[in-house]
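To convert, note that position 360 of the sequence shown is 360 in full-length UniProt numbering; the numbers rise steadily by one, no gaps.
Worksheet: one structure, shown below.
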Amino acid sequence: MQRKQTTDTHRGRSNGRARLLLSKGKSCYRPRRKGERKRKSVRGCIVGPDLSVLNLVVVKAGEADVPGLTDVQIPRRLGPKRASNIRKLFNLTKEDDVRKHELRCRLLYSEEYSAMEGAEAVGNDAAPPHPSPEVIVISDDDVSEDNEEVPITNDLKPFSWTDVADRLLTLAKNRELRDDQQALGTLLHDLGIPPSIVVRRSLRATSEKLGELLTLLHGHDRRFRASEDLVMVVCEVLSLAQTAPYQTQAKQEHWKEESALVAGDNYAIDQLYQLMDHWQSLVVELARFSEYRACVVGVIMSRLEKMSAHCAREIENIQDAMVKYENEMQSAAERFVAIMADCRAETEKQWFDADELELRVFEDTYNKTSDEQSTYYENCKALNSLEHRALELELRRNFFQAALTQVCVTTQLVAAHDNDELLETTTGERINALGSDILENMDNFCEALKAITALNIHGQSDLVGSSQEVDFARSTEQEHRPELLRFAKHLEQFWLIHQNWLPPMLLDVVIERFDMLSESNGHSTCPVANAISRVCGSLRAGYSK
1 MQRKQTTDTH
11 RGRSNGRARL
21 LLSKGKSCYR
31 PRRKGERKRK
41 SVRGCIVGPD
51 LSVLNLVVVK
61 AGEADVPGLT
71 DVQIPRRLGP
81 KRASNIRKLF
91 NLTKEDDVRK
101 HELRCRLLYS
111 EEYSAMEGAE
121 AVGNDAAPPH
131 PSPEVIVISD
141 DDVSEDNEEV
151 PITNDLKPFS
161 WTDVADRLLT
171 LAKNRELRDD
181 QQALGTLLHD
191 LGIPPSIVVR
201 RSLRATSEKL
211 GELLTLLHGH
221 DRRFRASEDL
231 VMVVCEVLSL
241 AQTAPYQTQA
251 KQEHWKEESA
261 LVAGDNYAID
271 QLYQLMDHWQ
281 SLVVELARFS
291 EYRACVVGVI
301 MSRLEKMSAH
311 CAREIENIQD
321 AMVKYENEMQ
331 SAAERFVAIM
341 ADCRAETEKQ
351 WFDADELELR
361 VFEDTYNKTS
371 DEQSTYYENC
381 KALNSLEHRA
391 LELELRRNFF
401 QAALTQVCVT
411 TQLVAAHDND
421 ELLETTTGER
431 INALGSDILE
441 NMDNFCEALK
451 AITALNIHGQ
461 SDLVGSSQEV
471 DFARSTEQEH
481 RPELLRFAKH
491 LEQFWLIHQN
501 WLPPMLLDVV
511 IERFDMLSES
521 NGHSTCPVAN
531 AISRVCGSLR
541 AGYSK
């Protein structure tokens with residue numbers, strides 16, 4: 001037997017090994033020193049009957065594609081790691097971010113890692129650092145100012161609930177990020193909440209329950225998006241202890257004044273941002289009164305308890321329906337067995353061997369039990385759907401229970417900041433001031449919303465002027481549509497988070513005005529109009545989805 005593992009392949013030779021006299025410049029030979037032997041062992045690459053595997057390369061494509069070979073494009077599994085090689089592969093400049101063009105090996109994770117895989121696909125961020133173990137540091141008397149622990153003060157950076165919701169959603173989808181105590185502490189510190197161990201643990205538990213629910217609904221787009229909206233519950237709980245200043249969404253500076261449509265949207269959006277910023281500051285002042293915050297805590301806990309009880313009732317109803325489907329499946333299976341026994345008894349009267357007898361029994365049973373088979377499979381499909389729905393409701397109930405625990409923990413740690421300035425006015429006067437301010441500016445608020453939706457609801461066929469002006473208006477509207485989407489998201493989150501801080505009578509007025517706007521808008525593709533409809537429905541029904 002010839003040893004071929006270390007023998008080079010030479011063209012024009014058979015598969016067997018041969019010793020050839022080679023020279024410099026030929027394949028399978030590279031001279032290294034003077035006086036070395038030039039007769040080397042090579043083996044050929046000519047196709048023969050003793051070859052089991054061939055490696056072929058398509059040199060020229062024909063008129064039609066080869067099915068399964070040239071009609072599909074298989075992406076390369078791995079790519080270059082060095083930044084210069086990545087720029088060379090994708091023809092990038094030094095200003096481009098090479099991290100967006102990085103090619104990685106996609107592995108198949110289990111269900112518990114699917115949420116982490118989705119978070120990596122969104123931002124392709126690096127993994128958070130592993131938390132270092134806690135140690136006790138014995139320092140000397142001469143300690144520099146850099147090594148001193150920075151206390152948590154009220155000098156906090158402004159935050160936006162839109163950013164907080166995105167960070168909480170990423171936290172729920174990324175398991176490693178939930179285990180990072182530094183990331184949890186940073187989020188709580190940005191909101192002005194003391195990042196104690198108990199608060200971090202409760203926030204981690206709530207995010208974990210939400211992540212389990214999102215993992216279960218992965219692939220069900222509508223229910224997945226509805227479950228993502230549950231992050232508003234976490235934001236509402238965190239708003240009970242907010243002490244950080246509020247910041248509205250940053251306005252884009254590249255609005256074009258040539259378009260009347262965009263100019264009107266720009267003015268209306270600025271006005272709405274200013275009103276919501278002012279109302280948010282009033283809510284923050286109210287949150288510093290312990291008695292009013294206790295009232296809001298009671299409302300939130302009552303709502304969460306109702307939603308948890310609603311999920312429990314739905315689970316009981318589903319279990320009753322599952323018992324019904326199981327009984328129908330059992331009866332269909334019993335009828336199938338009875339028909340098979342009758343077919344076997346009839347077939348045994350004839351003369352067949354064992355194999356043919358079983359085949360005849362199976363064929364006769366299959367032809368006579370079409371109704372039983374369809375009944376069994378339909379009930380089995382319905383039973384699987386109900387089991388999935390029951391598991392979803394169970395995870396929702398666990399999420400609401402975790403949110404209840406987070407409410408208790410958060411409100412126990414945060415004390416009211418009763419400054420001298422706040423002691424001059426009572427809680428009732430502050431509530432009346434908030435309600436009066438919202439009622440006074442509600443007309444302007446609704447007029448600004450109506451101006452935005454009116455300019456975007458009318459179809460682009462309503463635009464008049466030359467063809468160039470119409471094309472310019474359409475392109476400008478499409479260019480600034482992301483800004484409208486961000487504002488719609490911000491509007492929805494503002495009212496859903498702070499709905500419990502509003503008096504009931506004032507909330508009824510807001511629902512009535514938003515309902516009128518929704519009826520006037522009708523069916524529209526404007527993101528702001530759709531956000532108004534969702535806010536109106538959510539304020540009426542609460543977190544019923």
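Backbone N, C-alpha and C fix where the C-beta goes; we use that ideal spot for every residue, glycine too.
Cα separation between S332 and S370?
Mapped onto the sequence shown, residue 332 falls at position 332. Mapped onto the sequence shown, residue 370 falls at position 370. Looking at the sequence provided, one finds Ala at residue 332 rather than Ser. Between A332 and S370, the C-alpha separation is close to 11 Å.
Closest to F400 by CA distance: which of K26, G219 and L230 is it?
The count along the sequence shown starts at 1 and reaches residue 400 at position 400. It is L230 whose Cα lies nearest to the Cα of F400.
Pull up the CB-CB distance for A18 and V53, whole angstroms please, since I reckon it's below 8 Å.
Numbered from 1 along the sequence shown, position 18 holds the residue referred to as residue 18. Numbered from 1 along the sequence shown, position 53 holds the residue referred to as residue 53. The Cβ separation is near 21 Å, so there is no contact.
Just the Cα atoms here: how many angstroms apart are V47 and T70?
Counted from its first residue, the sequence shown places residue 47 at position 47. Counted from its first residue, the sequence shown places residue 70 at position 70. Roughly 23 Å separates the two Cα atoms.
Of the listed residues N85, R175 and T375, nearest to R324 (C-alpha basis)
By 1-based counting over the sequence shown, the position of residue 324 is 324. Inspection of the sequence shows that residue 324 is occupied by Lys rather than by Arg. K324 has its Cα closest to that of T375, out of N85, R175 and T375.
Would DSSP call Y113 helix, strand or coil?
In the sequence shown, residue 113 corresponds to position 113, counting from 1. With a pLDDT of only 47 at Y113, under the threshold of 50, the placement of this residue in the model should not be trusted; the figure read from the coordinates follows. In this structure, Y113 counts as helix in the three-state DSSP scheme.
Which residues in the same chain as I318 place their Cβ atom closer than 8 Å to its Cβ, once the five residues preceding and following it in sequence are excluded?
As a first step, residue 318 must be located in the sequence shown, where it is residue number 318. Closer than 8 Å at Cβ, skipping near neighbours: L386, R389, A390 and L393.
Which of helix, strand or coil DSSP assigns to N147:
Along the sequence shown, read from residue 1 onward, the residue named residue 147 stands at position 147. Any reading at N147 is ruled out, since the residue's pLDDT is 42, under 50, leaving its predicted position unreliable.
In or out: H540 buried (at least 16 other Cβ within 10 Å) or exposed?
Numbered from its first residue, the sequence shown carries residue 540 at position 540. One detail in the question is off: residue 540 reads as Arg in this sequence, not His. With fewer than 16 Cβ atoms within 10 Å of its Cβ, R540 is classed as exposed.
Look up H218 in the DSSP assignment and say whether it is helix, strand or coil.
Working through the sequence shown from its first residue, we reach residue 218 at position 218. In the structure shown, H218 sits in coil (DSSP, three-state: anything other than H, G, I, E or B).
Compare the Cα-Cα distances from S281 to each of E512, F514, F494 and V297 and report the closest residue.
Here the question's residue 281 lines up with position 281 in the sequence shown. Answer by Cα proximity: F494.
Member of L214, S196 and Q499 whose CA lies at the smallest distance from the CA of L168:
Here residue 168 refers to the residue found at position 168 when the sequence shown is read from its first residue. Residue L214 is the option with its Cα nearest to L168.
Using a threshold of 8 Å, state whether the C-beta atoms of H398 and K209 are closer than that.
For the purposes of this step, residue 398 is taken as residue 398 along the sequence shown, with counting starting at 1. For the purposes of this step, residue 209 is taken as residue 209 along the sequence shown, with counting starting at 1. The sequence given here has Asn at residue 398, not His. In this structure, K209 lies closer than 8 Å to N398 by Cβ.
What is the rounded straight-line gap between the Cα of P31 and the Cα of K24?
Along the sequence shown, read from residue 1 onward, the residue named residue 31 stands at position 31. Along the sequence shown, read from residue 1 onward, the residue named residue 24 stands at position 24. Straight-line Cα distance between these residues: approximately 6 Å.
Straight-line CA distance for I269 to V535?
Along the sequence shown, one-based indexing puts residue 269 at 269. Along the sequence shown, one-based indexing puts residue 535 at 535. Cα-Cα distance, rounded: 17 Å.
C408 versus V296, S14 and P80, residue with shortest Cα-Cα distance:
If you number the sequence shown from 1, residue 408 lands on position 408. Of the candidates V296, S14 and P80, the one whose C-alpha sits nearest the C-alpha of C408 is V296.
Distance, Cα to Cα, E212 vs L395?
To locate residue 212, count along the sequence shown from 1; it is residue 212. To locate residue 395, count along the sequence shown from 1; it is residue 395. Rounded to the nearest angstrom, the two C-alpha atoms are 7 Å apart.
Got a sec? Which residues, its chain only, sit under 6 Å from L20 by beta carbon, not counting five neighbours each side?
Walking along the sequence shown from the start, residue 20 turns up at place 20. Hits under 6 Å: V42.
Between the beta-carbon of I193 and the beta-carbon of T405, is there less than 8 Å?
Counted from its first residue, the sequence shown places residue 193 at position 193. Counted from its first residue, the sequence shown places residue 405 at position 405. In this structure, T405 does not lie closer than 8 Å to I193 by Cβ.
So, using beta-carbon positions, are M232 and I511 closer together than 8 Å?
Taking the first residue of the sequence shown as 1, we reach residue 232 at position 232. Taking the first residue of the sequence shown as 1, we reach residue 511 at position 511. It is not a contact, given that the beta carbons lie outside the stated cut-off.
Suppose you measure from the CA of Q350 to the CA of R335; what does that come to, to the nearest Å?
Working through the sequence shown from its first residue, we reach residue 350 at position 350. Working through the sequence shown from its first residue, we reach residue 335 at position 335. Distance between the alpha carbons of Q350 and R335: 24 Å.
Please report how far the alpha carbon of D443 lies from the alpha carbon of H278, in whole angstroms.
One-based indexing of the sequence shown puts residue 443 at position 443. One-based indexing of the sequence shown puts residue 278 at position 278. Distance between the alpha carbons of D443 and H278 is about 15 Å.
Are the CB atoms of A183 and L191 nearer to each other than 8 Å?
Counting from 1 along the sequence shown, the entry for residue 183 is found at position 183. Counting from 1 along the sequence shown, the entry for residue 191 is found at position 191. When the beta-carbon positions are compared, A183 and L191 stay at least 8 Å from each other.
Where M27 and N55 are concerned, what is the direct C-alpha to C-alpha distance, given to the nearest angstrom?
Taking the sequence shown and counting its residues from 1, the one referred to as residue 27 is at position 27. Taking the sequence shown and counting its residues from 1, the one referred to as residue 55 is at position 55. Reading off the sequence shown, one finds Ser at residue 27, where the question assumed Met. The straight-line gap from Cα to Cα measures roughly 19 Å.
Starting from residue 547 and walking both ways along the beta strand (DSSP E), at which residues does that stretch end?
Nothing can be reported for residue 547: it is not among the residues displayed for the chain, which extend from 1 to 545.
Do M322 and N379 have their C-beta atoms within less than 8 Å of each other?
For the purposes of this step, residue 322 is taken as residue 322 along the sequence shown, with counting starting at 1. For the purposes of this step, residue 379 is taken as residue 379 along the sequence shown, with counting starting at 1. It is not a contact, given that the beta carbons lie outside the stated cut-off.
Closest residue to K81 among F90, Q73 and I74 (Cα-Cα distance):
The residue labelled residue 81 in the question sits at position 81 within the sequence shown. Residue F90 is the option with its Cα nearest to K81.
Any heavy atom of the ligand MG closer than 7 Å to the beta-carbon of K40?
The ligand MG is absent from the structure shown, which contains no ligands of any kind.
Alpha carbons only, please: which of R481, C446, T347 and A403 is nearest the one belonging to R513?
As a first step, residue 513 is located in the sequence shown; it is residue number 513 there, counting from the start. Nearest of R481, C446, T347 and A403 to R513, Cα basis: C446.
Neighbourhood of S202 by C-beta, 8 Å cutoff - its chain only, sequence neighbours within 5 removed
Translated into the one-based positions of the sequence shown, residue 202 becomes position 202. Excluding residues within five positions, the ones whose Cβ falls inside 8 Å are A402, T405, Q406, V409 and T410.
Pick helix, strand or coil for V42, following the three-state DSSP scheme.
Walking along the sequence shown from the start, residue 42 turns up at place 42. In this structure, V42 counts as strand in the three-state DSSP scheme.
Between which two residues does the beta strand (DSSP E) containing residue 549 stretch?
As shown, the chain starts at 1 and ends at 545. That puts residue 549 outside it, with no answer to give.
According to the Cβ coordinates, are K489 and T162 closer than 8 Å?
Mapped onto the sequence shown, residue 489 falls at position 489. Mapped onto the sequence shown, residue 162 falls at position 162. For K489 and T162, yes; Cβs fall inside 8 Å.
Go to D8, then tell me how far its alpha helix (DSSP H) extends in each direction, as first and last residue.
The residue labelled residue 8 in the question sits at position 8 within the sequence shown. For D8, there is no enclosing alpha helix (DSSP H); the enclosing beta strand (DSSP E) covers residues D8 to H10.
Using the beta-carbon count (16 or more within 10 Å), is H220 buried or exposed?
Counting from one through the sequence shown, the residue named residue 220 turns up at place 220. That one is exposed.
Opposite R19 in the DSSP bridges: which residues?
As a working note, residue 19 is residue 19 in the sequence shown. Beta-bridge pairing links R19 to S41.
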